[in-house]
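The opening residue of the sequence shown carries number 1 in UniProt numbering; numbering runs sequentially from there.
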Amino acid sequence: MDTDTATGEWTEEPGAPRPEHRPGRGPRAWCGGLLFAGVSAVVGCRAADTDGVTPVPQLLAFLPWLLVPVGLGLLLALRARWWTGLVWGVALLGLLAWYTGPYGKTGGPPAGPPVAELRVLTSNVEFGQGTTALIATVRGEKPDLIFVQECDPGCEAALRKELGADYPHRRAVSGGGSEGSVILSAHPLTAAPGVPATMGMPAAVADVRGHAVHLRLAHPMPPLPGQVSLWRTELGALRAAAAGDGGGPAILAGDFNASQDHAAFRRLLDTGLTDAARLAGADRAPSWPSRSTPAFGVQIDHVLVSEHFTAHRARFLRLAGTDHRALVVDLTLHGDG
């Protein structure tokens, strides 16, 4: 290569070799590879049916949203002409699409005739701050059963005062902050042992037109860094309690701090329970954080039902004062076939 002294420009010598550009090298390919590696670690845990360790449990909650970094990685791989990366990214897209589908089988409809209609509402009122909005929602929706998490003493007193006439039956674990929980019922309740946990998880047996229905409120600790094992243990205790309820009609509702993408939550479903939101066609509707739903979020608030129920409708309602959307489901209880 010579310098043209008249113009001061570089000119190519005839036959001079040009720099070789190698596909798959460079910062674009490296950035795409890092994105694919991170997503692969999370998807690998999902495929292995484990929740792993921090940060995997936290990222698993947002599994469908991992399509975004994979898409970005594919764009980078394409720009870098990194063909191996393109295959890697397409494989990740396929796995994410597969796991985004509903988990498990729903089975056929109950064999027995319908014996009762039930409307169930569950709401995390965030340290009692959403109590006023919850009371207004209850008056409008008129549910038969209400599961309230993070119900502090002020919340419990307000519910008793404002809703006590319509819901004279209750089971509660009293506590401040996030520890208090209440089950309210228009049907008679019999005491049942709850699940000992950091936050209240009471239980009862409801008499619904002569049919015993086991009720459990769920509120395990969230999978924050440093307490993933506690989260897993408390979900496991819920699973053991649900499995020991005798196989009769059962409803397990509340803030599970887990989605269907968590192995610990799928263990609960494997006891024979089904997510009512899935039965009603809303299995991916987000419930938290309410400020960004429905555009962005995860479904960690659930109503799980035994095979004795069918679900016709599931709605997620925004309540002022809380970062969770309330969940209202309409159920039909079926008798023995």
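The beta carbon of each residue, even a glycine, is placed where N, CA and C say it ideally should be. Values in this document were obtained by computation on a predicted structure and should not be read as measured data.
{"Check": "Close beta carbons around residue 54, own chain, < 7 Å, minus the five adjacent residues each side", "Outcome": "225, 228"}
{"Check": "Residue 209 versus residue 270: straight-line alpha-carbon distance, rounded", "Outcome": "28 Å"}
{"Check": "Distance, residue 62 Cα to residue 32 Cα", "Outcome": "20 Å"}
{"Check": "With 16 other Cβ atoms within 10 Å as the buried cut-off, status of residue 106", "Outcome": "exposed"}
{"Check": "The region 139-151 contacting the region 179-198, beta-carbon criterion three pairs below 8 Å", "Outcome": "yes"}
{"Check": "Burial state of residue 75 (16 or more Cβ within 10 Å)", "Outcome": "exposed"}
{"Check": "Close-in-space but distant-in-sequence residues of the same chain around residue 65 (CB under 8 Å, 5 per side omitted)", "Outcome": "296"}
{"Check": "Delimiting residues of the beta strand (DSSP E) encompassing residue 178", "Outcome": "No beta strand (DSSP E) contains residue 178, which DSSP labels as neither H nor E."}
{"Check": "Cβ neighbour criterion (16 or more within 10 Å) applied to residue 8", "Outcome": "Reliability fails at residue 8, whose pLDDT of 49 lies under 50, so the model's placement of it is uncertain and no value is given."}
{"Check": "Where the alpha helix (DSSP H) through residue 299 begins and ends", "Outcome": "Segment: none, residue 299 is in no alpha helix (DSSP H) and carries neither H nor E."}
{"Check": "Touching by the beta-carbon criterion (3+ pairs, under 8 Å), the region 67-85 and the region 241-255", "Outcome": "no"}
{"Check": "Alpha-carbon to alpha-carbon, residue 177 and residue 126", "Outcome": "8 Å"}
{"Check": "Whole-Å CB distance - residue 268 paired with residue 235, under 8 Å assumed", "Outcome": "7 Å"}
{"Check": "Residue nearest to residue 122 in terms of C-alpha spacing, selected from 322, 211, 91, 97", "Outcome": "322"}
{"Check": "Collapsed DSSP secondary structure at residue 36 in the structure displayed", "Outcome": "helix"}
{"Check": "Same chain only: Cβ atoms within 6 Å of residue 114, ignoring 5 sequence neighbours per side", "Outcome": "332, 334"}
{"Check": "Residues near residue 325 in its chain [Cβ-Cβ closer than 8 Å; skip 5 each side]", "Outcome": "286, 287, 288, 290, 293, 301, 316, 317, 318, 319"}
{"Check": "For residue 62, three-class secondary structure by DSSP", "Outcome": "coil"}
{"Check": "As assigned by DSSP and simplified to three states, the class of residue 234", "Outcome": "helix"}
{"Check": "CB contact flag (residue 280, residue 213, <8 Å)", "Outcome": "no"}
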